[in-house]
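In the numbering used here, the protein residues as written are 55 to 142.
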């Protein structure tokens, strides 16, 4: 978790092995939403597996498909820049 350097941007992190569920089963995504009391479109799901990305996206999550911390960092910066443009 710490090696990526962008964790401070997020309020929660979910790891499937800690939750007792396996991706891409919808149950894991529903558990996350319950804990967060959030809608899928308010969340970002990050994973390195295309199948997991597809299942999260099908439920309405914003997704980042990446294999490296640097790629995740770049995609997050892009999302933050876009969000800041809408804030004014």
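For each residue, glycine too, the CB sits at the ideal point set by N, CA and C.
Query: Considering only the beta carbon of each residue, do residue 143 and residue 126 sit closer than 9 Å?; Result: Summary: the structure shown does not reach residue 143, with the chain confined to residues 55 through 142, and so no result is reported for it.
Query: Quick check on residue 76: does DSSP put it in helix, strand or coil?; Result: coil
Query: Can you tell me the Cβ-Cβ gap for residue 78 and residue 106, rounded? I've got them flagged as a contact below 8 Å.; Result: 5 Å
Query: So who's on the other strand from residue 100, going by DSSP bridges?; Result: 118
Query: By DSSP, does residue 110 sit in helix, in strand, or in coil?; Result: helix
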